[in-house]
Amino acid sequence: MSEAAFWDKAAAKYAKDAISDMTAYELTRDRIRKILDPDHRVLGIGCGTGSTALELADRAASYVGTDLSPKMIAIAQSKQSNDTPSHLRFKVHDVAELPSGPHDVILALNLLHLVPNLEEVLAQIYDALPSGGMLIAKTGLLQDGAWYLRWMIPVMRAIGKAPFVRNLGKVELLGLLSSAGLVTDETLVQGSMMPRLFTVSRKP
Ligand SMILES: C[S@@+](CC[C@H](N)C(=O)[O-])C[C@H]1O[C@@H](n2cnc3c(N)ncnc32)[C@H](O)[C@@H]1O
Numbered sequence: 006m007s008e009a010a011f012w013d014k015a016a017a018k019y020a021k022d023a024i025s026d027m028t029a030y031e032l033t034r035d036r037i038r039k040i041l042d043p044d045h046r047v048l049g050i051g052c053g054t055g056s057t058a059l060e061l062a063d064r065a066a067s068y069v070g071t072d073l074s075p076k077m078i079a080i081a082q083s084k085q086s087n088d089t090p091s092h093l094r095f096k097v098h099d100v101a102e103l104p105s106g107p108h109d110v111i112l113a114l115n116l117l118h119l120v121p122n123l124e125e126v127l128a129q130i131y132d133a134l135p136s137g138g139m140l141i142a143k144t145g146l147l148q149d150g151a152w153y154l155r156w157m158i159p160v161m162r163a164i165g166k167a168p169f170v171r172n173l174g175k176v177e178l179l180g181l182l183s184s185a186g187l188v189t190d191e192t193l194v195q196g197s198m199m200p201r202l203f204t205v206s207r208k209p
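Using my numbering, count along the sequence shown one by one with no gaps and you end on 209.
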């Protein structure tokens, strides 16, 4: 099954499920709200069903949410109302090809561990940011989590029940960000079974 087909199939359930750790979610959402500036042109990659984009868009000058899955994007678009800032748009887009920039802030929330060609994607993100532009990410750390997930996820993937998940650890991820030319100013680890690393990185 392709990644797009996997996420299309998951979209309706993803939209209905409650956020598993609301305290962690709110902490990083509020941190991002503080970082965003009314002049920022924001690109949210892998935006899923758009909930976070809808909560953050009022803090930006423009906001484009993109996702590989047409079903995720259709759900995101269906949540837009008269109260939604008119500068928020959702588009189907694979992260392998970013919409043309510049983007002052790129948000990659719960995404980078799902990307097989992460090195290439980070290089594109670097190119799409102006000097001083930021990549704000929350990334799953399979390597630093429960040992059994490292064999369970590939087995589940083989039967179409899990997406591709890269076996990343904190040290490797920070190294990849640095090798891409990004300077990471802020990090926060949340959770333990499959920890997530929140990072705020900037292009010097
Ligand atoms: C775990 S969900 C996270 C959604 C949202 N960012 C959030 O934090 O709730 C991962 C999302 O990334 C999308 N995705 C996976 N691979 C992608 C790719 N190569 N390009 C763009 N989006 C992708 C999936 O369709 C899915 O909506």
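All C-beta atoms, glycine included, are put in the ideal place defined by N, C-alpha and C.
For residue j and residue i, believed in contact at Cβ under 8 Å, the rounded distance
| i | j | result |
| --- | --- | --- |
| VAL205 | ILE40 | 7 Å |
| ILE111 | ALA133 | 7 Å |
| ALA140 | ILE130 | The sequence given here places Leu at residue 140; Ala does not occur at that position. Yes, they are in contact, since the Cβ atoms of LEU140 and ILE130 sit about 5 Å apart, within 8 Å. |
| THR195 | ASP22 | It should be noted that the sequence gives Gln, not Thr, for residue 195. GLN195 to ASP22, Cβ: 18 Å. No contact. |
Residue i vs residue j beta-carbon contact at 8 Å
| i | j | result |
| --- | --- | --- |
| THR71 | LEU114 | no |
| PRO135 | PRO90 | no |
| HIS92 | SER67 | yes |
| ARG34 | VAL69 | no |
| VAL47 | ASP109 | yes |
| ALA62 | HIS45 | no |
| VAL97 | VAL126 | no |
| LYS208 | GLY186 | yes |
| TRP12 | MET77 | yes |
| PRO121 | ARG171 | yes |
| GLU8 | PHE169 | yes |
In chain order, each beta strand (DSSP E) run of at least 3 residues that lies wholly inside the segment 139 to 205: 139 to 145 and 188 to 195
Residue ranges of each alpha helix (DSSP H) within the segment 15 to 55, 4 or longer: 27 to 40
The segment 47 to 57 / the segment 70 to 84 touching (three or more Cβ pairs under 8 Å): yes
Meets three-Cβ-pair contact criterion under 8 Å: the segment 116 to 128 and the segment 167 to 181: yes
Three-pair Cβ contact test at 8 Å for the segment 188 to 206 versus the segment 139 to 146: yes
Segments assigned beta strand (DSSP E), at least 3 residues, entirely inside the segment 107 to 144: 110 to 114
Segments assigned beta strand (DSSP E), at least 3 residues, entirely inside the segment 47 to 105: 67 to 72 and 93 to 97
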